[in-house]
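Written out below as structure tokens is the structure these notes cover.
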Amino acid sequence: MSGLLMLVVNSALALTPPDIANLQLQDLKPWFPEATTLAQDIGQPGYRLVYNNGEVQGAVFYSHQITPIPAYSGKPIVTLIAMDTRAAIIGLKIVQHEEPILVVGVKESDLNRFTDQYINLFALDKVRVDASNRPGYVGIDGISSATITAMVLNRSIMASAKKVAIALSWPSQAATMSATIPIALSEADRWKQRLEPWLDQLPTIIILVSALGLLLAILFFQDWLVRKPKLFNTLRIFYLLFTVIFIGYIFSAQLSIVNMLAFIQTLSHGFTWDTLMLDPAMFLIWSFMAASILLWGRGVFCGWLCPFGAIQELIHKAAQKLNLPSFEFPSMIHERLWAIKYFILIALVGISLDSFSTAAAMAEVEPFKTVITMKFSREWGYVTYAIALLVISIFNSKFFCKYLCALGAGLSILGRFRIFDWMRRRNECGKPCQACASLCQNGAIKPTGEIIDNECHFCLDCQVAYWNEHVCPPLVEKRKRREKRERAHNQTVPVKIIESSQDS
């Protein structure tokens, strides 16, 4: 919890990014202990030379002033880098950032362990995160639960170091390389750089694209599937397990309201594909979610692709199998509790316009980071809150999703513009039939029978009931009448033959 407090305090200070012109010699003593002078002139593309009695010892620069690559927050991470005349990195320090994961979730020791890997690496080295077995590259370990941030840091550090080394012709081979390697990347080179993580994670992409293809098939053939309840329910259970295990824990692709806020930040600071494409699994989930919202509304993502939502649903289903009691709020209270998540969304969006890091800290109302990203490896306060929500889901299905999820609230607003409505209803729904309403764990069916699209999670339980002639009352009546006619038709009337005899 101390990390959360630190993040809020730092955000309140509203620090402006540091400038290389304001750097002081004493700030560099850990890396240049014998330095006597820090040059006043700023060389292009944005460095200052360090001297010892007139002899050049190295150069210092801020990464954000040379290669301002937007990070997870939509803003660059400010890193101070020290480099000697061999073009070797001898010092590195993260000075300022708005990355919530680096303060709320990542230990200082883990962050130092990551940055320490750059010491004695050369500016012209090809450094890749988690590429230890790739020929021609120097592999470094990433930051657990901060994949995108680690990749952005790596690109920013190495690109800025390379630009400075080429500008200064350090080492000697950089003088010849400067004639052949442009400081600014071409569009083709940018796309090659963007596609590198995709080539590295090809198995992940194949598995995820196949799973998303299966989900599309389920949606397109839902009318056929829901008529086979055992098959559909088994398929849904396995898909929810896939969502938890693969999308959540293996691929680390749990979307959050922080992702939505970061996307807004990216748009306001100039849209770029670079950061979005660093994590293929997250990009694919984002893309599928955007398309599904446009076509069917928020329910497809919330009901099938959200790992934390899947965990809650599986817990509640297990509780039902064990005949544990469950409770639902009265309809009037239930509908008013919906408003909480919209208030949370409005507050987070408003705060993010002033300070993204503060908004991200407040977004800890979501337990996603604790349960999925950090796998409960956090301070006791976060863990207690997350466990409490999971325990509540035993008795009240998807309690968090229904009442507290700001991401769900945001998707509900976007989902109002959906194109398709494939949920079938009958004239008898709600008048007087309440069978589907009693089955809906999200309470997304009005007493009058209409489905509330903003709250529907597309679980299709109501569609299973719609086609089930043992559950849907109108179908039950039809079945009974049909069975009565069949019994009547199959009944045989015994005929007694009377033989008449004539008197002889």
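Residue numbers (our numbering): 2 to 505. Just so it is clear, CB atoms sit at the ideal spot from N, CA and C, and this is done for glycine as well.
6 Å Cβ shell around residue i - same chain, five flanking residues per side excluded
i: Leu93; result: Ile82, Thr116 and Tyr119
i: Ser353; result: Leu262 and Ala360
i: Ile265; result: none
i: Pro183; result: The pLDDT assigned to Pro183 is 49, lower than 50, so where the model puts this residue is not dependable, and the model offers no usable value.
i: Val455; result: The sequence shown places Asn at residue 455, rather than the Val named in the question. Closer than 6 Å at the Cβ level, and outside the excluded window around Asn455, lie Ser413.
i: Gly143; result: Val130, Asp131 and Ala151
i: Pro230; result: Val465
i: Ser398; result: His317 and Gln442
i: Gly75; result: Ala263, Gln266, Thr267 and His270
Burial state of residue i, where buried means 16 or more other Cβ atoms lie within 10 Å
i: His98; result: buried
i: Phe421; result: exposed
i: Pro77; result: buried
i: His65; result: buried
i: Val210; result: exposed
i: His458; result: buried
i: Arg1; result: Residue coverage of the chain in this structure runs from 2 to 505, which leaves residue 1 outside it and unanswerable.
i: Thr181; result: For Thr181, the pLDDT reaches just 46, beneath the cut-off of 50, and the residue's location in the model is therefore unreliable, leaving the point undetermined.
i: Ser110; result: exposed
i: Arg488; result: exposed
i: Gln27; result: exposed
i: Arg417; result: exposed
i: Met375; result: buried
i: Met333; result: exposed
i: Ala387; result: buried
i: Gln45; result: exposed
i: Thr511; result: Nothing in the structure corresponds to residue 511, since the chain is present only between 2 and 505.
i: Ile90; result: buried
i: His490; result: exposed
i: Gly351; result: exposed
i: Val61; result: buried
i: Phe401; result: buried
i: Phe357; result: buried
i: Thr385; result: exposed
i: Gly382; result: exposed
i: Gly214; result: exposed
Terminal residues of the beta strand (DSSP E) in which residue i lies
i: Arg49; result: Tyr48 to Asn53
i: Leu81; result: Val79 to Asp85
i: Leu440; result: Run containing Leu440: none in the beta strand (DSSP E); it sits in the alpha helix (DSSP H), Ala436 to Leu440.
i: Lys164; result: Element bounds for Lys164: not the beta strand (DSSP E) but the alpha helix (DSSP H), Thr148 to Leu169.
i: Gln97; result: Ile90 to Gln97
i: Ala506; result: With the chain running from 2 to 505 in the structure shown, residue 506 is simply not present.
i: Val128; result: Val128 to Val130
Cutoff 8 Å; reference residue i; Cβ partners in own chain excluding five residues on either side
i: Met178; result: Because Met178 sits at a pLDDT of 49, beneath the cut-off of 50, its placement in the model cannot be relied upon, and the point is left open.
i: Asp462; result: Cys437, Leu440, Cys441 and Gln442
i: Val57; result: Leu50, Val51 and Thr86
i: Gln492; result: none
i: Tyr467; result: Val227, Arg425, Arg426, Arg427, Cys437 and Cys473
i: Pro198; result: Met152, Met278, Leu279, Asp280 and Pro281
i: Ile149; result: Ala72, Tyr73, Thr276, Leu279, Asp280 and Met283
i: Ile373; result: Gly249, Tyr250, Ser253, Gln255, Pro308 and Phe309
i: Ile1; result: This structure does not reach residue 1, given that the chain is present from 2 up to 505, and the question cannot be answered.
i: Pro475; result: Arg427, Glu429 and Cys434
Distance between beta carbons of residue j and residue i, contact taken as under 8 Å
i: Leu256; j: Trp287; result: 7 Å
i: Ile316; j: Ser394; result: 5 Å
i: Gly444; j: Arg299; result: In fact, because the Cβ distance is near 16 Å, the residues do not count as touching under 8 Å.
i: Val96; j: Val79; result: 5 Å
i: Met84; j: Ala162; result: 6 Å
i: Thr244; j: Trp305; result: 7 Å
i: Val366; j: Ile345; result: 6 Å
i: Thr37; j: Asn54; result: 6 Å
i: Val513; j: Leu220; result: Examination of residue 513 is not possible in this model, given that the chain is present from 2 through 505 alone.
i: Phe396; j: Pro326; result: 7 Å
i: Leu122; j: Val139; result: 6 Å
i: Leu349; j: Ala291; result: With 8 Å as the limit, Leu349 and Ala291 do not qualify as a contact, their Cβ atoms being about 20 Å apart.
i: Phe405; j: Ile341; result: What sits at residue 405 in the sequence shown is Leu, not Phe. At roughly 6 Å, the Cβ-Cβ gap stays under 8 Å, so Leu405 and Ile341 are in contact.
i: Arg480; j: Glu470; result: 4 Å
For residue i, the first and last residue of its enclosing alpha helix (DSSP H)
i: Gln223; result: Gln223 to Leu226
i: Val384; result: Trp381 to Phe396
i: Arg488; result: Pro474 to Asn491
i: Gln266; result: Ile258 to Ser269
i: Leu112; result: Glu109 to Asp117
i: Ser414; result: It is worth fixing the name first, because residue 414 is Ile in this sequence and not Ser. That run of the alpha helix (DSSP H) goes Ala407 to Leu415.
i: Ile420; result: Unbroken run through Ile420: none, as it is neither H nor E.
7 Å Cβ shell around residue i - same chain, five flanking residues per side excluded
i: Gln41; result: none
i: Leu241; result: Ala311, Glu314 and Leu315
i: Phe369; result: Gln255, Ser257 and Phe309
i: Gly450; result: Arg426, Cys430, Gly431 and Lys432
i: Ala176; result: Here the model assigns Ala176 a pLDDT of 48, short of 50, so the residue's position is not dependable and the matter cannot be decided.
i: Pro19; result: Tyr63, Val79, Val96 and Gln97
Problem - Contiguous beta strand (DSSP E) assignments of at least 3 residues, all confined to the stretch 280–339 - result: None, since the stretch 280–339 contains no complete beta strand (DSSP E) of that length.
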